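Visitor: In the numbering used here, the protein residues as written are 1 to 834.
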Amino acid sequence: MHTSQPPERERLVVVGNGMAGARTVEEILQRDPDRYAITMFGEEPHGNYNRIMLSNVLAGVEDEAGIFLNDLQWYADNGITLHAGCKVDRIDSKRKVVHADDGTKTPYDKLIIATGSTAFVPPMAGVHRPGRGYHQGVFAFRTLDDTRNMIRYARDHERAVVIGGGLLGLEAARGLQQHVSHVTLIHAMGHLMNTQLDEPAGKTLQASVEKLGIEVICDGFTTEILGKHAVTGVKLKDGRVIDCDVVVLAAGIRANAELAATSGLAVDRGVVVDDQMRVAGETDIYAVGECAQHRGVTYGLVAPLWDQARVLADHVTGRNLDAAYHGSQVATKLKVAGVDVAAMGLKEPELDTDETVTFAEPRRGVYQSLIIRDDRLVGATLVGDVRKVAFLMQAFDRGLPLPEDRAGLLFDLGGPPAEVSAAEMADDAQVCNCNGVCKGDIVEAVQCGVKTVSGVMDKTRAGKGCGSCKGLVQQIVEWAAGGEVEEDPAASWYVPGVPMPKPELMEAIRTHGLKSVSSVFALLAPGGEEDAKSKMGLASLLKMMWGAEYDDERDARFINDRVHANIQRDGTFSVVPQMKGGVTTPAQLKRIAEVAEKHDVPMVKLTGGQRIDLLGVPKENLPQIWADLDMPSGWAYGKSFRTVKTCVGSDFCRFGVGDSTALGIAIEERYQGLEGPGKMKLAVTGCPRNCAEAYVKDVGVVAIDGGKWEIYVGGAAGAHVRKGDLLATVDSADEVLTLTGRFLQYYRENANWLERTYAFVPRIGIDRVREIVVDDADGIAERLDAAVAEHVATYRDPWQERATPVTPGQFRTSLPLTVLPRVPVREPAMEGLR
């Protein structure tokens, strides 16, 4: 009996294992998984990862493992031969063979070039050292290895310069703030993100970025990297020198068409392709992604790459031979250095008849501009407020007619709703620009049985880029699941790196006697992997649980907690000594003034918590300034008990009915420095006139007639405003002290990491909090009182570390810092005011 053999599969070779190359292979496998024997070459020794997420890795908010799109097992599961860490040197298009630098020669029937882009290095002296590559301290920001090296180096240095004010440069600057004390961003053009944004939008973005503590220099052309053995600074064309010890090159990208050019293929700015993504003049060679030039255009955003991958896959599998790529309307919504930005189409009007609609609110960092042509939206730029972006993107993509009242495009004035609902969105409406995921993809995932938001994000990759679309993804999942969304287990984890809710985590820590952050990771984290995002939360939890027995690993602390002072935008620190209840003495004031003069402190300021802040102190001066002050720390920098604000009270005020000053001092003396999941601000006021603003504090105490005190919890008056809930009315100051400590301990033990009391109290419910703290319904009041008393007994002023630093580099001298404007402390001459 004769058995026919299956036909031998065609050979498909893909040069490039980045986002475009791997996505194209995914599209091909979806259409016809058995058509090709696939071989892929990648210069990096990894699987395929999301390059957009490198900024999150740099910032420490994402682990390396979380950015991989396809691990090595994926290639094996799909029968793909992967040459990782291998560079293709030459393509022999006549013999249809690719030559790699490891000596291999791989024949192909179809070839896809997906070599992506390379970092653009502006012409400047000192970037490279002969035989060494980049000068020591200089980094490109393009690959995972670049990011690893940058983190490793930056940890031991102080000041960074980022060259380039586009998306990549802004993200690099924001990420570096986690590793160095000062970041300067230098941009050669007149405003940030000049490719995507018009000038007012760029200026608005700059103001928002500067509020984050990043120094921005526009119209700054860097001519030289300074330093003989390692970077010491950069020099600008105008002669200015910016001191730094880390330089990151993020001045843009260029299509990586070198391989195609050396192989004799058609190359201009990129590899020239037709509407089927075939290389010009070739029948079996294609190019896709950032390396491809289509109709004279190269694309640096990912959404066009997904469009190209679909067309290419349709063509090489025969699914649709008429498939054609006609170019992409670029529309993107991103979070740039923490600021919401959306841009689509034109950034400025091109015709005299183009209509513009503009709204600016600089104080809030908001700028919005629309360009309308023939009653259709052809361009939009949004910075700081992107609530209307869903509707605007639909109008832009589909050419929808616009309302006559143009203001309705930006504001809810009877026009379209602020957000297009999930039901109204078309199935092919793009939801995640970073990964090219549309609404239909999300709905399909839900219909296939994935009922958690995180599960849908893992399956479709929606929300796995910049993260700005996560809210919309959740809405679509909820709508598609018909209200049957399953709870995401990770939502209850105390920290992202250890898969346990807080009660279970605390029980495991007690059971195993885990007294250091590293021991928690080793035993309780999957694979024993450490997670940067989890360290601070675990450090706070362990210190609360073990007190003096806690094994303090300093790398688990944020810079503020390592040096016991609040870092400022220029890399200096603020020193806030304790003034219990806002009360001071002439001697104390005199000492503060003398210290400020001795150390040439740039600014002395009264704080909102009734203390004095010495601003602009270099890190290396902190121990000496603490010694000269000879005052305890005011704890103005940590996730801890901060201060107790008081009014004059009954001793002097004619309205006072309770001694708020004495009680405030007593509370602060007892609970000073108490660590918690979030900062804790308190106040005591001597009557309901509320001069100390007690109603809007984490704990607020109000004196009322009859010698009684009201205790309020869960208030806030910052970015969130909430009047606290009445916990109890008591008869004595001793009861106030007891219930305050008991509530704070209950909050410490049960709140999520970074959850302030204004969120914690409503989540638990004031009735339930009252049952536990006041009524002792659970029988734990005695234990809570004992736990907080243990902290009181072991309290130690952190400023005592001035005598014996914990680590040799704790107060290491920093490089010279940028001098901020001085605030005069003496009355200026009248001539200076005219």
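Yeah, the Cβ is synthetic: ideal placement off N, Cα and C, and Gly gets one too.
These numbers were taken from a predicted model, which means no experiment stands behind them.
In the structure shown, what three-state DSSP assignment does N70 receive?
Guide: Here N70 sits in strand by DSSP.
Visitor: DSSP three-state call for C837: helix, strand or coil?
Guide: Since the displayed the chain opens at 1 and closes at 834, residue 837 lies outside it and no answer follows.
Visitor: Could you check where the alpha helix (DSSP H) with G758 kicks off and where it finishes?
Guide: It should be pointed out that residue 758 corresponds to Tyr in this sequence rather than to Gly. That run of the alpha helix (DSSP H) goes 757-764.
Visitor: Do you know how far the Cα of I567 is from the Cα of L54?
Guide: Cα to Cα, the separation comes out at about 25 Å.
Visitor: Let me check one thing: in DSSP terms, what residues is H182 bridge-paired to?
Guide: For H182, which the question treats as bridged, DSSP gives the partners R159.
Visitor: Can you tell me whether DSSP reads H315 as helix, strand or coil?
Guide: Correct three-state label for H315: helix.
Visitor: Considering only the beta carbon of each residue, do V288 and V279 sit closer than 8 Å?
Guide: Not closer than 8 Å, so no.
Visitor: Alpha carbon to alpha carbon, how far is G664 from G765? Give it in angstroms, no decimals.
Guide: Taking the straight line joining both Cα atoms gives about 26 Å.
Visitor: Between the Cα of R9 and those of G103, G21, P45, P107, spot the shortest distance and give me the residue it belongs to.
Guide: For the residues G103, G21, P45, P107, the minimum Cα distance to R9 belongs to P107.
Visitor: Report, in whole angstroms, the separation of the C-beta atoms of A201 and T381, which I expect to be a contact under 8 Å.
Guide: Between T381 and A201 the Cβ distance is about 5 Å, and since that is below 8 Å, they are a contact.
Visitor: Note down the Cα distance separating V684 from D219, rounded to an integer number of angstroms.
Guide: Distance between the alpha carbons of V684 and D219 is about 51 Å.
Visitor: When you compare the stretch 207-214 with the stretch 170-177, are there three or more beta-carbon pairs, one atom per stretch, that lie closer than 8 Å?
Guide: Yes: at least three Cβ pairs fall under 8 Å.
Visitor: Hey, how far is the Cα of G18 from the Cα of R155?
Guide: G18 and R155: Cα-Cα distance of roughly 28 Å.
Visitor: I need the DSSP call for E215, collapsed to helix, strand or coil.
Guide: In this structure, E215 counts as strand in the three-state DSSP scheme.
Visitor: Going by other Cβ atoms of all chains shown within 10 Å of its Cβ, with 16 needed for buried, is H294 buried or exposed?
Guide: So H294 ends up on the buried side.
Visitor: Can the beta-carbon of K697 be found closer than 8 Å to that of K723?
Guide: No. Outside cutoff.
Visitor: Whole angstroms is fine: what's the gap from D628's alpha carbon to P618's?
Guide: So the alpha carbons of these two residues sit roughly 15 Å apart.
Visitor: Sort L111, F743, K110 by Cα distance to V701 and report the nearest one.
Guide: Of the listed residues, the one whose Cα sits closest to V701 is F743.
Visitor: For a test of the three-state rule: what should DSSP assign to K697, helix, strand or coil?
Guide: In the structure shown, K697 sits in coil (DSSP, three-state: anything other than H, G, I, E or B).
Visitor: Kindly indicate which residue of G528, Q474, K679, V267 has the alpha-carbon position closest to the one of A423.
Guide: The candidate whose alpha carbon is nearest that of A423 is Q474.
Visitor: Using DSSP with H/G/I as helix, E/B as strand and the rest coil, what is H135?
Guide: Three-state result, H135: coil.
Visitor: Between which two residues does the alpha helix (DSSP H) carrying T332 extend?
Guide: That residue, T332, is in no alpha helix (DSSP H); its beta strand (DSSP E) goes 331-336.
Visitor: Please report the straight-line C-alpha distance between I67 and T607, rounded to a whole angstrom.
Guide: The alpha-carbon atoms of I67 and T607 are separated by roughly 42 Å.
Visitor: In whole angstroms, give me the CA-to-CA distance for A188 and L205.
Guide: Approximately 16 Å, taken between the alpha carbons.
Visitor: Which residue or residues does DSSP assign as beta-bridge partners of I38?
Guide: L12, per the DSSP bridge assignment.
Visitor: Of all the alpha helix (DSSP H) runs that stay within the bounds of the stretch 45-112, which reach a length of 4 or more residues?
Guide: Within the stretch 45-112, the complete alpha helix (DSSP H) runs of at least 4 residues are 54-59, 72-77.
Visitor: So, is A20 buried or exposed, given that buried needs 16 or more other C-beta atoms within 10 angstroms?
Guide: Classification for A20: buried.
Visitor: I'd like the list of long-range same chain contacts for E224, defined as Cβ closer than 8 Å, with 5 residues on each side in sequence excluded.
Guide: Answer for E224: M124, A125, G126, V234, K235, listed in chain order.
Visitor: According to DSSP, simplified to helix, strand and coil, what is N750?
Guide: In this structure, N750 counts as helix in the three-state DSSP scheme.
Visitor: Could you tell me the boundaries of the alpha helix (DSSP H) in which W626 lies?
Guide: W626 -> alpha helix (DSSP H) spans 622-629.
Visitor: Return the chain-ordered list of same chain residues with a C-beta closer than 7 Å to the C-beta of E478, the five sequence neighbours on each side being excluded.
Guide: Result list for E478: V485, in chain order.
Visitor: Output the boundary residues of the beta strand (DSSP E) element that contains A683.
Guide: Taken as a continuous stretch (DSSP letters only), the beta strand (DSSP E) holding A683 covers 680-685.
Visitor: In this structure, does DSSP put F901 in helix, strand or coil?
Guide: This structure does not reach residue 901, given that the chain is present from 1 up to 834, and the question cannot be answered.
Visitor: Which partner residues does W493 have in the DSSP bridge list?
Guide: Beta-bridge pairing links W493 to P501.
Visitor: Does DSSP put P200 in a helix, a strand or coil?
Guide: Helix at P200.
Visitor: Spatial neighbours of A548 within its chain, please: C-beta separation below 7 Å, excluding the five flanking residues on both sides.
Guide: The answer, listed in chain order, is T794.
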